Amino acid sequence: MKLDRLCLDISTLAEVLLKTEYLDSFNRYRKSLYYQRFSS
């Protein structure tokens, strides 16, 4: 039971990390496009 709970926590944590990583890179990409548009 405890092991299942641990595995669930790890998979949830991995999912959260993947989502935040994806959002972070997306925001960085969007920000760079935004700067390019206004710098030229």
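In the numbering used here, each number is its position in the sequence shown, counted from 1, plus 5.
Idealized CB from N, CA, C, for every residue including glycine.
Bear in mind that the values here come from a model prediction, so they are computed numbers and not experimental data.
Distance between residue j and residue i (C-alpha atoms, nearest Å)
{"i": "C12", "j": "K24", "result": "18 Å"}
{"i": "T17", "j": "S44", "result": "40 Å"}
{"i": "D9", "j": "V21", "result": "18 Å"}
{"i": "R35", "j": "A19", "result": "24 Å"}
is_contact[residue i, chain E] using C-beta, thresh 8 Å
{"i": "L11", "result": "Among the chains of the structure shown, chain E does not appear; only one protein chain is present."}
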